[in-house]
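Residue numbers (mature numbering (1 follows the signal peptide of the UniProt record, and there is no 0)): -18 to -1, 1 to 786.
Even for Gly, the Cβ is constructed at its ideal location relative to N, Cα and C.
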Amino acid sequence: MSKKLGLSFLLVTAVAHAQSIDVHGIGHAGTVRLQESPLLTLGNYNEDEVTTFTDSAKLDILDNTNQVQLSGDAQVRRPDAILKGDNIIYNRETGEVQAQGHARMLREGTLVTSPGLKFNVNTKTGRMESPVYRLQSGGAGNAGYAEAIDDNHLRLGDAIYSGCQCDNKFWYIKSEKVDIYDDENEGIARNGTLYIKGIPVLWSPYLTFPVKREKKTGWLAPSFTSTSNSGLGLSLPYFINLAPNYDLTLTPQVYSKRGWMMGGEFRYLMPSYSGQLSGTYMTKDRKLDEKRWSVNWTHRQSLGTVAGLKLDLNIDVHGVSDPDYYRDFDSVAVANRADRSYLSKSAYLTFSGYKYWSGYLLWQKYQGLHDLSGSSPSYYYQYEREPELMVRGAIFDWNGFDVSMQNTITRFTYPKDRTYANSVGYTNTNGITHVDGTRYVSYTQVSYPIIRAGWYVTPKLGLHASHYTTNWYKQYGNTFTSVAGTQYRSLSRVLPIASLDAGMTFERTTTLFGKPRIQTLEPRIYYLYIPYTNQDDLPIYDTAPSQFNFGTAFSENVYSGGWDRINDANQVTLGLTSRWLDMDSGKERMVVQLAQKFYFKRQRVYLSQSERRREESRSEFLANLSVAVTDKLNIEVGTQLNTYSRKVAQTYETIRWFPKRLASISLTHRYQQDPFYYTNASGSQIFYPYQLAGKNTFSLAGQWPITKNLYAVGRYDYSIKERRSTQSILGLEYKGDCCWTGRVVFQRYAVSKQKTNTSLFFQLELTGLGAVGSNPMSVLRDSIPGYQSVKDPAPVQSPFERYE
C-alpha cells in the first residue's frame, strides 16, 4: 500500500465548509471553529485500485463511447482528488475529464478554480486556463494557465503568488513562468519580481521558494543591524537542508566599522541525542587589529540503561575570543549576553533510576567577561570543577521518616593564567590567595513530618561532614603555614544540624473589594540549632552569603553554594502569611507576608576576617504585599527594614496594568542599600566583601495602541545612584490590514561603567515570505513585561480545512 500526496496545488477530501467554518476554535465575526478529530486521516490507498465516484443532477452516457456526461452540480471524486463543475465529461477508460463552468479541483488541502479545465485523473496531467488557487500552506494567487506535467511537476504561466489570501494583497511575486516540484518542495520562478503595494522592489532572473511548510535549502531573508560599537551590519544566511533531522545555516556578515565575519549553525536531532553547534569567526577586526570569534555547543544525549542506572549526557560549551565580544557584536542587551559576567563550559553525566539513588559527574570551567573600561576593572574569575561527583539517595515515608543523603567530591582549580604567582599560591588583582584543593562533603538528614488537617510539625536532624585536602599555604619567614596559622594540609569539619518547622492554617469567609473571599491566616515558626566550630582554616571555594529574603529566611545556612562555611545558629524565625482567595475560582487576590529572625547568641562564623560582624539580636524585618486589584491591575511591594536604624535596606515596588490585548504599562522601583564600609589599618575606607552593590533604579515599560494599526513600545531605566540612564528603548509597530507588519525600535544601553551602545532595528515582516531587516523581537519580549506581538499568530492549516 502506498500514499501519493501529489501536487501541492491539489487536495483531498475535507470536512469543514470553506465559507462559514474554521476548524481550530472560535473564529472571527462569531463563526464557530471546530477542533480536528483524530479520526480524520489521509488513509493509505493503492493508486491501481482507486475507485472513482460521480454525482450530478443529470447523467448521459454518450453513444458508442466510454464517456459519461454529467450536468448540474457535477462532480468526480477519488480518494486523492475531487473535481467539480457545471458540466463534466468523463472518459471511464482513459481517465480524461473535461469540466466547463465554475470548475473546481481540490487536492491535498489546496483549492484551484478555473472557467474550464482538462485533466487526466490516471496520469495526473492536464491544463486549465486562468486558474485561481489557494494553497494549504496559506499562499494564494492566480495565473494565465496551469499545466500539470506529471504527478510531481506543475507549471504556471504569467503567475502571481502571495502569502496573503486577502483580496487587496500587500505583496506578491509576479513571474512569467513558475515550475513547482512537489516531492522536492521547491518552486522555481523565472524573471520574478517582488511587488509591495503594487510597486516593484526586487527583480531576479531566478527565484526559488518552498511550496510546503517544510525545510528547504536556499537563502533566508537578510538582516540588518546598526550599533554604535560596530556600525552598520548585514547578515545573509544560507540554509542547507542536509536531512529531515539535521541542517546547517551559513551566515556571512559584514560590519562597517569592523569588517567581515562568517557565522554558522548546525542542528541535529537523533533518536537518542540532539544538539546545536554555532559560532562566528572574524579573521581581523579592523577596529582592534585582532581576530574575533565565538563558539556555542549544546548537546543532550540519552546513553540508555547500564546496571539499572539511566544515564544521560549534557554538554554546554560557550566561549569567545575576548571579554568584550558580546558588548561589541550583540545587538540584544537585556537579559541576554551583553551583560554576562562569565561563560561556562560544562559536561554533565547524570544517572538515576536505581531505587533511591541518583547523581552526576560534572566537569566545569569558566571564562570571565571583564569590564576593563574603568579605572578599577572588575574581574569575575572563579574556581573550576575538574571534576565533581555527586551521589544522592532519598527515601520518603519510611515508617513515617524521610531520609536523604548527599555526597559530593569536588576537585577545585583556579585559572592560574589569570593570576600572578606568589611564593606558594596564586593571587588575583584583589590580593586574595587562590590555590587548588579537593573537598569531600556528606550531608545526611532524617525528618519525621507530622501533617494533619490545618497544621504540621516537622522535626529534622542532620549531620554535615566535610574534609579538605589543600595546599592553602603562605610563607611566613622560613616556614609555611595556612592563612589561619596552622600547618595542616588536610582539614575536617563535622557539624550536627537540628531544626523544627511548624505551621498552621486558619480560614474564614470575608469580603475584599466588595466581593466574597476566603481569607487564610498561616503562622509559621522555624527553630534552628547548629553548634559553633572554628572554620577559619577551611578555604572558600564556591560559598557566598545568601541574600536575605523569604526564600532564605527559613533555610539552614546563611551561606549559599558548597557550604565552605556553616553558620553557628541558635535562632528562631517567625513568619505570617495571609491570603485572600476568590470564593468561586480560588484565584489569589491578595497576599501579605511577614517574617523576621531572632538570634539567641552572637554570630561567630564568618567567611573572612573582614566580613561585617552581626551584633544585633534580630534580623531585618521582611514584608511583602501582592494585590490583584482587578483582573487587569496588579501591585507588588516588598521591603526589608532594619528595625534598629529604622532604615530601609532593600525595597521593591511595581505596578502592572494590562487593560486589554496589546496594551500594558509597568512601573518598577528597586532600592538596595550601599555596602557597609570599615576603616583599615592605613585609615582607608574599604567596604566589607561579599556584599551586593547598592542600587536605586526606576523602570518604566509599556506597550500601547495609538491607532487601530499603530502601536508604541518602550522602556526607560534610570539609576538614581549613578545619575544616568542605563537603558532606553523606543519603538513603533504597525500591523497592516493584510499580511504585513513593520517595526522600528531604537535601543541605547550601558555595556560597562563607562561605555554605552546604541542599536537601531528596522524590520518589515511579510506573511508567507519572511522578515527583512533586523529582528527586535527578543529585545521587546525581554524588556517589556507582558509584551505581545501585534502580528496575529498564523493558524495551523489542516488538510481537512475545506469541505467539498
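field: Spatially closest choice to THR492 from ARG571, ASP298, HIS84, by CA coordinates
entry: ARG571
Inter-residue Cα distance where the pair is SER771 and LEU692: 12 Å
field: GLU129 - partner residues in DSSP beta bridges
entry: ARG109, ARG137
query: Whole beta strand (DSSP E) runs in the segment 322 to 346 with 3 or more residues, listed along the chain?
result: 324 to 336
query: Does DSSP put MET759 in a helix, a strand or coil?
result: helix
query: Can you tell me where the beta strand (DSSP E) with TYR541 in it begins and where it stops?
result: 541 to 543
Rounded Cβ spacing between GLN80 and ILE70 (contact assumed at less than 8 Å): 7 Å
Helix, strand or coil at ASP310 [DSSP, three-state]: helix
query: Per DSSP, TYR143 forms a beta bridge with which residues?
result: GLY123, ILE155
- prompt: Any heavy atom of the ligand ZN within a distance shorter than 7 Å of the CB on TRP345?
  reply: This structure lacks the ligand ZN; in fact it carries no ligand of any kind.
- request: Report the residue from GLY145, VAL428, ILE222 whose alpha carbon sits nearest the alpha carbon of TYR250.
  value: ILE222
message: Could you give the first and the last residue of the continuous beta strand (DSSP E) run that contains ASP483?
response: 472 to 486
message: Restricting to Cα atoms, I'd like to know which of THR723, HIS281, GLY696 is closest to ARG763.
response: GLY696
field: Host beta strand (DSSP E) of ARG705 (start-end)
entry: It is not in any beta strand (DSSP E) - ARG705 carries neither H nor E in the DSSP assignment.
message: Less than 8 Å between the beta carbons of LEU218 and SER238, yes or no?
response: no
message: Count Cβ pairs between the segment 174 to 185 and the segment 193 to 211 that sit closer than 8 Å; are there 3 or more?
response: no
query: Could you give the C-beta distance for GLU247 and GLN235, rounded to a whole number, given that I count them as a contact under 8 Å?
result: Going by Cβ atoms, the distance from GLU247 to GLN235 rounds to 13 Å, so no, they are not a contact pair.
query: Under 8 Å, do GLY533 and PRO505 count as touching if we go by C-beta distance?
result: no
message: Taking its Cβ as the centre, do 16 or more other Cβ atoms sit within 10 Å of TRP242, making it buried, or is it exposed?
response: exposed
query: Do you know whose CA, among TYR511, SER96, THR34, TRP201, lies nearest TYR72's CA?
result: THR34
Residue range of the beta strand (DSSP E) that includes PHE248: 241 to 251
field: One or two residues paired with VAL754 in a DSSP bridge
entry: LEU746
- prompt: So, helix, strand or coil for ASP764, using DSSP?
  reply: helix
query: Among LEU674, LEU712, ALA645, TYR700, which residue has its Cα nearest to the Cα of LYS690?
result: ALA645
- prompt: Does DSSP classify MET565 as helix, strand or coil?
  reply: coil
query: Is DSSP giving GLY261 helix, strand or coil here?
result: strand
message: I'd like to confirm the pairing. Which residues does DSSP put opposite LYS614 in its beta bridges?
response: The partner list for LYS614 (beta bridge, DSSP) is empty, contrary to what the question assumes.
- prompt: ARG595: which of TRP380, THR621, GLN673, ILE637 sits nearest, CA to CA?
  reply: GLN673
Terminal residues of the beta strand (DSSP E) in which LEU214 lies: 213 to 217
field: Nearest-angstrom beta carbon gap, ALA577 and LEU563 [assumed within contact, 8 Å]
entry: Not confirmed; about 21 Å, so no contact.
message: In whole angstroms, give me the CA-to-CA distance for LEU295 and LEU325.
response: 20 Å
task: Measure the beta-carbon distance from ILE142 to LYS156 and round it to whole angstroms, keeping in mind my assumption that it falls under 8 Å.
output: 5 Å
query: By a C-beta neighbour count over all protein chains shown, 10 Å radius and 16 as the cutoff for buried, is residue 790 buried or exposed?
result: Since the first residue of the chain shown is -18 and the last is 786, residue 790 is not available in this structure.
task: With LEU576 as the anchor, note down where its beta strand (DSSP E) starts and where it stops.
output: 570 to 581
task: With a threshold of 16 other CB atoms inside 10 Å of the CB of ASP699, please say whether the residue is buried or exposed.
output: buried
field: Distance, ILE181 Cα to GLY724 Cα
entry: 17 Å
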